[in-house]
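Here the structure comes first, spelled out in structure tokens, and everything after it is commentary.
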Amino acid sequence: QNTHIFTPMETKLVAVLADVLKVNPTVVSPPKDTFFTLGGNSISAMHFVARCKSNSIHVDLVDINRRTTIAALAKHAREGSDELVADIQSTEFTHGPFSLTPTQRSYFSSDLADPHQWPLPLLMKVTPPRNLHVWRDIVNSLVSHHDMMRARFEQVDGEWRGRVLPIDDDPVMVNEVTLANDTSYFEVLAEINRAMNFTTGPIYLAYVLNYQRTQYFYLALHHLITDNMSMNLLAGNIRTLLNGQALPEKTLPYAVWSQNLDGLRQGISLDPYQLPSEDELVLPPVDVDQIPHSGPICPQVLSSNLDLTTTLALEQFGHLDISVEDIILTGLLLAYTDVFNCSSIPLQYTSHGRNALGNSWDVSHTVGFFVNLCPMVLRRKENDDLASTLNGVQSVLRGVSDFAVKYMLSGRTMKSPIAYNFLGKHDIPDSDGAEGVEVLDIALSDEFQQHRVNTDPMPLIFLAKYTGECLTLLIMYDPILCNTKHMHTVLQKWEEGVRHVLHHLKSQE
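Residue numbers for the sequence shown follow UniProt numbering, beginning at 1 and rising by one.
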């Protein structure tokens, strides 16, 4: 029985939290529970912040991500209307041109065999089967709700541009196919995917597949407009609609988000691809024995020279709550402090861009947001040692469970239709949805990859800006790269980025 006497602010926060996470407010214990122990995650945290602000309560996303208890969060929260989250109605966007994100620009500059062929798939096994008109209504709801499902990209005078079609100008297409029992549905999906075209349409594909007396629903979106977390979101939306329920309220339109992102990008001007030659920058090896330990969550990175990007190991998994970004950024920190002597120029990790953006914008239900941005800020702190720096990194980036890290480093291919499925059921919105709907593992399976035209990962962009006091790292990356199969490619690009940053900083000394 909960005997805790709630403060007025605790009462308000629990009411919002219960609505966002769909939990019983009577079971919440503010002194013990955190947002995450109640089923929240970094995505729903952004929605929680926005809902609080709509009730004139300011909650900092950083405090939530530090696993602060509800009671502690209530002490930091404040009432008032300062910089409340933007009203979705005032930033409503239904159609028109939008700014390309850095990842989209990089995609179009890549020499791909067929740029139209980059489907990110979702395959659902459905019991009992639904009629075709039900699926058409569902897809119509998705296309109306998510602007980017109506996006088109075209080249005008040598420049790629993006626009969103009006709802009535993009007719919904859902087809039904019955497969022979001896058919490989991967071959069928490969044939279906060839119809994808981001200029003329369709930019998404929706099919009802009848196979061996079972109904499957296949939805694929071009990777330019979606990412793995967004496919999780769409899976949750489909389950919600199958239950006959309304979709959640729209969050920040993608076009508004890309405009803000474009403004942020303008402040980072360092070219990431003009890399120094090997003889320009030779790094001494990192002595593993010299890496300070600061408790059970301190990672141990095994490295030789800058080869810290190929062998990563973590100890004491049971105590870890650490993300892929933690591991790679820690490698960057070790390389940086090893070159510049950590006793003279230690760095303190101070912020994660998603926290700052999440305090201003609610993008928790904006398809395509997560593929594009991961800005990080490192500040020079004269009196902090390396152990404190590592702890600072780990205290902020805590979005992925230790299980995910173990799985990623186990050497196995992560066969998941949505790379973030392994985070747990709460990372799939509306995960308690329709009975008999099962998401199947195909997106990263070897069979599906064999039928892809483009097999290279989406571009990872690494930009840096150094002012003498602050090193800003702006990383746009594809979440699908976090699986083992593509990890080596990611790490190679990080190595290039690290070398470039170090070379630039060295030239400033």
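Just so it is clear, CB atoms sit at the ideal spot from N, CA and C, and this is done for glycine as well.
Buried or exposed (CB count within 10 angstroms, at least 16 for buried), residue i
i: Thr11; result: exposed
i: Ser110; result: exposed
i: His133; result: exposed
i: Val367; result: buried
i: Pro8; result: exposed
i: Asp19; result: exposed
i: Leu242; result: buried
i: Ser258; result: buried
i: Phe36; result: buried
i: Thr214; result: exposed
i: Arg51; result: buried
i: Leu112; result: exposed
i: Asp227; result: buried
i: Ile322; result: Reliability fails at Ile322, whose pLDDT of 34 lies under 50, so the model's placement of it is uncertain and the value that follows must be treated cautiously. The residue is buried, with at least 16 neighbouring Cβ atoms inside 10 Å.
i: Ala180; result: exposed
i: Val16; result: buried
Residue i: first and last residue of the uninterrupted alpha helix (DSSP H) it sits in
i: Pro119; result: Per DSSP, Pro119 belongs to no alpha helix (DSSP H); it is in the beta strand (DSSP E), 119 to 126.
i: Gly236; result: 228 to 242
i: Phe186; result: 185 to 193
i: Leu21; result: 8 to 21
i: Ser364; result: Segment: none, Ser364 is in no alpha helix (DSSP H) and carries neither H nor E.
i: His4; result: Taken as a continuous stretch (DSSP letters only), His4 belongs to no alpha helix (DSSP H), as it is neither H nor E.
i: His145; result: 132 to 145
Per DSSP, the bridge partner or partners of residue i
i: Gln215; result: Val126, Asn210
i: Thr178; result: Asn210
i: Phe153; result: Gly162
i: His58; result: Arg78
i: Gly96; result: Val164
i: Leu205; result: Ala220
i: Thr69; result: Thr34
Cβ-Cβ distance between residue i and residue j below 8 Å
i: Trp135; j: Val188; result: no
i: Gly39; j: Leu61; result: no
i: Leu142; j: Met149; result: yes
i: Thr251; j: Asp362; result: yes
i: Val192; j: Ile225; result: Reading off the sequence, residue 192 comes out as Ile, not Val. No, they are not a contact pair.
i: Pro31; j: His4; result: yes
i: Ala255; j: Phe98; result: yes
i: Arg163; j: Gly201; result: no
i: Val14; j: Val27; result: no
i: Thr183; j: Asn210; result: no
i: Glu154; j: Thr199; result: yes
i: Ile70; j: Asp33; result: yes
i: residue 510; j: Ser364; result: Residue 510 is absent from the model: the chain starts at 1 and stops at 509.
Limits of the beta strand (DSSP E) - the one that residue i falls within
i: Glu249; result: First-last for Glu249: undefined, no H or E at that position.
i: Val437; result: 437 to 439
Residue-chain proximity (residue i, chain B), Cβ-Cβ < 8 Å
i: Ala71; result: No chain B appears in this structure, which consists of one protein chain only.
heavy atom of the ligand ADP below 7 Å from residue i C-beta
i: Thr127; result: Absent from the structure shown: the ligand ADP. Ligands present: none.
I'd like to know if the region 217 to 224 and the region 117 to 130 are in contact, where contact means that at least 3 CB-CB pairs between them fall below 8 Å.
yes
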